[in-house]
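When you line the sequence shown up against my numbering, it's residues 21 to 310, in that order.
Right, one structure below, let's go through it.
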Amino acid sequence: MDLSLLLSQLFNGINLGLLYVLMATGLTIIMGTMGVVNFSHGILFTFGAYFAYSIAAKIGFWAALLLAPVLVGLIGMVVEMGLVQRVYGKDPLYSLLLTFGLAMSLEELVRIGWGTTGLPFSPPDFLNSFVDLKIMFYPLYRLAVFGVILLLIAALWFFLERTTMGKIVRAGIQDSVMVGILGVNTKVLFTLVFGLGTFLAGLAGVLSAPMSGIMPTMGDNVVMPSFIVIILGGVGSFHGSVVGGLLLGIIVAMCIQFVPAVAELSMYLVMALVLLIRPRGLFGEEGLFE
Numbered sequence: 021m022d023l024s025l026l027l028s029q030l031f032n033g034i035n036l037g038l039l040y041v042l043m044a045t046g047l048t049i050i051m052g053t054m055g056v057v058n059f060s061h062g063i064l065f066t067f068g069a070y071f072a073y074s075i076a077a078k079i080g081f082w083a084a085l086l087l088a089p090v091l092v093g094l095i096g097m098v099v100e101m102g103l104v105q106r107v108y109g110k111d112p113l114y115s116l117l118l119t120f121g122l123a124m125s126l127e128e129l130v131r132i133g134w135g136t137t138g139l140p141f142s143p144p145d146f147l148n149s150f151v152d153l154k155i156m157f158y159p160l161y162r163l164a165v166f167g168v169i170l171l172l173i174a175a176l177w178f179f180l181e182r183t184t185m186g187k188i189v190r191a192g193i194q195d196s197v198m199v200g201i202l203g204v205n206t207k208v209l210f211t212l213v214f215g216l217g218t219f220l221a222g223l224a225g226v227l228s229a230p231m232s233g234i235m236p237t238m239g240d241n242v243v244m245p246s247f248i249v250i251i252l253g254g255v256g257s258f259h260g261s262v263v264g265g266l267l268l269g270i271i272v273a274m275c276i277q278f279v280p281a282v283a284e285l286s287m288y289l290v291m292a293l294v295l296l297i298r299p300r301g302l303f304g305e306e307g308l309f310e
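Encoded structure:
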């Protein structure tokens with residue numbers, strides 16, 4: 021077996037896994053804090069890419085990288101205040117149907133606004149090259165994505181573990197009712213958490229766009245794997261999202277290269293295996309949703 025090909029796919033798997041981590045982290049803090057199954061997460065990923073395309077055409081890539089996720093986060097907060105708040109405390113099926121319908125509607129809005137054909141999106145010229153790693157050449161942009169997401173994961177860890185607001189979010193994941201009883205304004209907390217989760221989806225969309233291109237259905241390719249990552253890692257677990265995302269990304273990338281016929285099936289096989297061994301996921305906590 022060609023070692024350079026194997027390592028290239030390993031790097032691609034880590035890259036894919038880190039994008040899954042961003043998506044799954046946003047999903048898991050929303051699901052853990054509010055009990056909302058957010059099926060609109062994929063289309064918000066798509067909005068991040070399209071916003072970046074439009075902003076970059078006017079004021080450049082770096083402005084797009086900063087502004088597009090913020091716009092998606094603001095949209096998420098508006099959606100939470102205007103729609104999602106109405107289904108809190110109700111059967112989870114209501115939130116699932118609401119966000120699924122929202123995803124379908126927003127996807128049509130994308131088609132109306134930007135068209136149905138794919139759009140190219142290139143990184144800055146200096147990132148649009150290859151790096152000699154001695155045993156292989158690897159795209160510089162993908163290495164930059166590694167760095168950006170790893171820094172963001174470290175920042176998220178610091179926020180959740182070391183800041184007062186982060187500790188409130190973690191407490192809300194454990195028991196949002198008790199957090200409210202202790203005097204925290206859960207209405208504001210839920211809005212901010214939803215905004216943070218959708219910001220991460222938008223950022224994942226921006227970072228993914230130069231690698232995959234932009235199309236109205238691009239979010240469909242990441243939303244289901246992101247839910248699988250949550251199941252693998254455990255609902256509400258940040259560490260689980262990181263480990264589960266990397267694990268799934270590497271497995272999928274390897275299967276795409278060496279056994280493409282089972283690449284999609286591999287996600288579900290891994291999920292089934294983990295659930296057989298640990299029904300709550302690798303880092304899931306007992307009683308979180310009971």
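Where a beta carbon is used, it is the ideal one built from N, C-alpha and C, also for glycine.
Please read all numbers here as calculations on a predicted model, not as lab measurements.
For a cut-off of 8 Å, the C-beta gap from Phe67 to Pro144 is around 22 Å, too long to register as a contact. When Cβ pairs closer than 8 Å are counted between the two stretches, the stretch 265–281 is seen to touch the stretch 25–44, the count reaching three or more. Annotated three-state conformation of Val255 is coil, per DSSP. In the DSSP annotation of this structure, the continuous segment of the beta strand (DSSP E) that includes Pro159 starts and ends at 157–159. Inclusion of Phe214 and Val90 in the CB contact set at 8 Å is not warranted, their separation being larger than that value. Its chain contains Ile188 as the residues whose beta carbon lies nearer than 7 Å to that of Val204, once the 5 sequence neighbours on both sides are disregarded; these appear in chain order. Bounds of the beta strand (DSSP E) holding Phe150 are 150–152. Secondary structure of Leu202 (DSSP, three-state): coil.
Between Ile250 and Leu47, the gap from beta carbon to beta carbon is short of 8 Å. In the displayed model, Leu171 falls within a helix according to three-state DSSP. Excluding residues up to 5 positions away in sequence, nothing lies with its Cβ nearer than 7 Å to the Cβ of Asp111 in the same chain. DSSP places Leu103 outside both helix and strand once states are collapsed to three, so it counts as coil.
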